[in-house]
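Protein chains in written order, with this note's numbering: chain S, 617 to 935; chain C, 63 to 362. Beneath this line is the structure, given in structure tokens, with notes to follow.
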């Protein structure tokens, strides 16, 4: 009797030990797999840079391509498909700057002010309409916004401005602002609601009204966060492709007029990559533009991430 | 005093006006799509293939292609995103270098223009991976070294990775710490705790992440321009190395490159409507799931 109990006990203990060991081994394996997969996720950002630049590097390192591309790269003529092709990116840069600027001139005030409205003034029910509405705007596929700009908005704006071109930088810019607004709103709103209650109370205690507190206390206090939102909105606006492809007329001309047809860096890649010969100088230049877009978005992110975060922390911790 | 009050109305007014513009813009786009497309929408439109140079028939192949594309994207992207989020929330030390680098990489990835993902898909998946596989498997003719359903879906998976990581990470963080402590105190290992306690309590968040990723992926066109989308295919894709039709791409080509843009306008509107219905349903579902999920956790 006693021996059998002891036997059973020993057996149980060893089984438990075995189970424990398996669990521990599984635990170790899980930890390593999870870590490995995470590394794959972050290495993607490097892979993007490496493989975009890999297809662009011939512009600098291949004697033949270099000779064909570099002399005309900083020029005002973008004529990649001709007997003596020219790869001047200045008209494309101007196009990108124009549409992005128009978009930001609209998106920054609308995004920030509506964020302020949501945090400071909005009754509960409007907040419950506004926030899902913003999320749905953020969820609008850019091809749908582009389609709307092409078919409807361009007509309205042409009637308003009397522009000879139906599709121009203004139409593109106004449409792009719709993609930047949700980003700016969301981040501005977050920054504005993070302003400590005590700051608002101090302002009220000094006799300030609600709107004075909103504009003179809360808005300045949230400035670094808002700035970060604006930078991310900017990144979204200049990287937008489908809208400009559909609504700006796609003419690569060096004109600063908002009512001229225009073409951006992104639209050039989108429109020409499908027809280009692999390994051609033209192909290399399109990838070079892509590399530039990647690096620019990365710089915007860096500033938003580090500079702004440091500033924000300092402000609220009073350090 | 009255002047100050007037100023107050003015400033409050302009913030309300800004908010109103957002809602208005949304409604205008929605009603325009409904006005232009509702009459063209029919069962046939959803289930038939295009006919007569796209001027008649339906958009079934584009719907089919979109669904297939997003499905493959989800199968590839969700596990990667979820596991990365698990690492960030459960395993990494918040102050450690690795976690900060991953976070930095994720926020960067979210900011990369979508057309650059298209270039990446072409340069990495098609040219490098695809041609690499071809060199081994079938040196004679390209099978994988050309734009295809698989590579387009992989490109979209990379593009939506940040969406998944961010929302799963948030969901995991919302699981109360006491749950984990209770499990560990009972002798469970870290992995057992994550698998049996943390993940089941974060399913809502993982679902939200997946839905948002699908919604984003279904609407993206720029990354597909040169990774596999085709304007017209006589038959449906039935293999991973086939090209495919896609709703957004279909709309883009119809609106900008068809011979008679006016004649296809109703079809363009109806396609817009289908695309909007798809993304809105997904987004609204995500909003509702997240709302329910948060309420459940608050109650618990």
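The beta-carbon is built from N, C-alpha and C at its ideal position, and this holds for glycine as well. Here the structure is a predicted model, which means the values were calculated and not measured.
What are the boundary residues of the alpha helix (DSSP H) that includes residue i?
i              : result
residue 802(S) : 785-809
residue 95(C)  : 64-99
residue 296(C) : Careful: residue 296(C) lies outside any alpha helix (DSSP H) and carries neither H nor E.
residue 903(S) : 897-918
residue 149(C) : Premise fails: residue 149(C) is in no alpha helix (DSSP H) and is neither H nor E.
residue 755(S) : 740-755
residue 682(S) : 679-689
residue 816(S) : 813-821
residue 290(C) : Taken as a continuous stretch (DSSP letters only), residue 290(C) belongs to no alpha helix (DSSP H), as it is neither H nor E.
residue 216(C) : 211-236
residue 882(S) : 881-888
residue 842(S) : 839-855
residue 775(S) : 770-777
residue 832(S) : Note, residue 832(S): premise wrong, no alpha helix (DSSP H); not H, not E.
residue 865(S) : Premise fails: residue 865(S) is in no alpha helix (DSSP H) and is neither H nor E.
residue 107(C) : 105-109
residue 309(C) : 309-319
residue 735(S) : Element bounds for residue 735(S): n/a, residue is neither H nor E.
Cutting at 6 Å between CB atoms, please list the residues of its own chain near residue i, excluding the five before and the five after it.
i              : result
residue 245(C) : 255 and 259
residue 849(S) : 723, 796, 799 and 800
residue 935(S) : In this prediction, residue 935(S) has a pLDDT of 39, which is less than 50 and means its spatial position is unreliable; nothing more can be read from the coordinates.
residue 219(C) : 135, 138 and 139
residue 719(S) : 789, 792, 793, 796 and 853
residue 750(S) : 798 and 801
residue 227(C) : 143, 146, 147 and 168
residue 348(C) : 270, 273 and 274
residue 283(C) : 310, 311 and 314
Using only CA atoms, which one of the options lies nearest to residue i?
i              : options                           : result
residue 189(C) : 175(C), 151(C), 205(C) and 177(C) : 205(C)
residue 736(S) : 856(S), 812(S) and 921(S)         : 812(S)
residue 280(C) : 645(S), 760(S), 682(S) and 646(S) : 760(S)
residue 171(C) : 785(S), 895(S), 916(S) and 890(S) : 916(S)
residue 716(S) : 920(S), 919(S) and 878(S)         : 878(S)
residue 72(C)  : 710(S), 664(S), 729(S) and 869(S) : 729(S)
residue 144(C) : 179(C), 212(C) and 234(C)         : 234(C)
residue 784(S) : 731(S), 922(S) and 711(S)         : 711(S)
residue 844(S) : 752(S), 753(S), 672(S) and 807(S) : 807(S)
residue 208(C) : 201(C), 130(C), 187(C) and 217(C) : 187(C)
residue 951(S) : 662(S), 643(S) and 805(S)         : The structure shown does not extend to residue 951(S), since chain S is modelled only from 617 through 935, so no value can be given for it.
residue 901(S) : 653(S), 633(S) and 702(S)         : 702(S)
residue 101(C) : 336(C), 345(C) and 357(C)         : 336(C)
residue 76(C)  : 738(S), 895(S) and 838(S)         : 738(S)
residue 221(C) : 132(C), 266(C) and 300(C)         : 132(C)
Go through its chain and collect everything with a Cβ distance to residue i's Cβ below 8 Å, but skip five positions before and after it.
i              : result
residue 617(S) : Confidence is the limiting factor: at residue 617(S) the pLDDT is only 47, short of 50, which leaves the residue's position unreliable, though a coordinate-based value still follows. Nothing meets the Cβ criterion.
residue 776(S) : none
residue 365(C) : Outside the displayed range of chain C (63 to 362) lies residue 365(C), so it cannot be described from this structure.
residue 39(C)  : The question about residue 39(C) has no answer, for chain C in this structure spans 63 to 362.
residue 758(S) : 795, 856, 857, 858 and 859
For residue i, I'd like the list of residues in its chain whose CB is within less than 7 Å of its CB, leaving aside the five on either flank, ordered along the chain.
i              : result
residue 774(S) : 782
residue 292(C) : 305, 306 and 307
residue 154(C) : 160 and 161
residue 676(S) : 682
residue 107(C) : 120, 121 and 332
residue 109(C) : 120 and 122
residue 863(S) : 762, 765, 766, 770, 783, 787, 788 and 791
Go through the region 240-287 of chain C residue by residue and report every complete run of the alpha helix (DSSP H) that reaches 4 residues or more, in order.
If we require 4 residues or more, the alpha helix (DSSP H) runs fully inside the region 240-287 of chain C come out as 252-255 and 265-281.
Interface residues of the region 107-138 of chain C facing chain S [CB-CB below 8 Å]:
Residues: none.
Length at least 4, wholly inside the region 688-719 of chain S: the alpha helix (DSSP H) runs in chain order
DSSP runs (the alpha helix (DSSP H)) wholly in the region 688-719 of chain S: none.
What are the residues of the region 146-177 of chain C that lie near chain S, defined by any Cβ-Cβ distance shorter than 7 Å?
Answer in chain order: 146, 148, 149, 153, 163, 164, 166, 167, 169, 170, 171, 173, 174, 175, 176 and 177.
Output, in sequence order along the chain, the residues in the region 79-105 of chain C whose CB is closer than 7 Å to any CB in chain S.
Interface annotation for the region 79-105 of chain C against chain S: 80, 81, 83, 84, 85, 87, 88, 91 and 94, criterion Cβ-Cβ distance under 7 Å.
Select from the region 756-775 of chain S all residues with a C-beta closer than 8 Å to any C-beta belonging to chain C, and list them in chain order.
Listed in sequence order: 756, 757, 758, 759, 760, 761, 762, 763, 764, 766, 767 and 768.
Return the chain-ordered ranges of every alpha helix (DSSP H) run that is complete within the region 167-200 of chain C and spans a minimum of 4 residues.
Note on the region 167-200 of chain C: whole alpha helix (DSSP H) runs with a minimum of 4 residues are 176-182 and 193-199, in chain order.
Residues of the region 179-204 of chain C with a CB closer than 7 Å to any CB of chain S: list them in chain order, please.
Those residues of the region 179-204 of chain C that come within reach of chain S (Cβ to Cβ, closer than 7 Å) are 181, 182, 185, 186 and 190.
Between the region 897-922 of chain S and chain C, which residues of the former have a C-beta closer than 7 Å to a C-beta of the latter?
Taken in chain order, the members of the region 897-922 of chain S whose beta-carbon sits within less than 7 Å of a beta-carbon on chain C are 903, 906, 909, 910, 913, 914, 916, 917 and 921.
Residues of the region 318-334 of chain C with a CB closer than 7 Å to any CB of chain S: list them in chain order, please.
In summary, the residues of the region 318-334 of chain C whose CB is separated from some CB of chain S by less than 7 Å are 318, 330 and 334, in the order they occur in the chain.
Using a beta-carbon distance cut-off of less than 7 Å, what residues from the region 249-263 of chain C approach chain S?
Look at the region 249-263 of chain C: the residues with a C-beta under 7 Å from a C-beta of chain S are 251, 252, 253 and 254.
So if I threshold CB-CB distances at 9 Å, which residues from the region 342-358 of chain C count as touching chain S?
Correct list: 342, 344, 345, 346, 348 and 349.
Under 8 Å (Cβ pairs) to chain S, residues found in the region 284-306 of chain C:
From the region 284-306 of chain C, only 284, 287 and 288 have a Cβ closer than 8 Å to chain S.
Closer than 9 Å, Cβ to any Cβ of chain S: which residues of the region 212-241 of chain C, in chain order?
The residues in question are 220, 223 and 227.
Residues in the region 880-891 of chain S having any Cβ partner in chain C nearer than 8 Å
If the cut-off is 8 Å between Cβ atoms, the region 880-891 of chain S has 882, 885, 886, 889 and 890 near chain C.
Using Cβ-Cβ distances below 8 Å, what residues of the region 667-685 of chain S are close to chain C?
So the close ones are 667, 668, 670 and 671.
Taking only beta carbons into account, state which residues of the region 850-870 of chain S come closer than 7 Å to chain C, listed in chain order.
The residues in question are 851, 855, 857, 858 and 862.
Check each residue of the region 821-855 of chain S: if its Cβ is closer than 7 Å to any Cβ of chain C, include it; give the result in chain order.
Answer set for the region 821-855 of chain S: 825, 827, 831, 848, 851 and 855.
What are the residues of the region 698-721 of chain S that lie near chain C, defined by any Cβ-Cβ distance shorter than 7 Å?
So nothing in the stretch comes that close.
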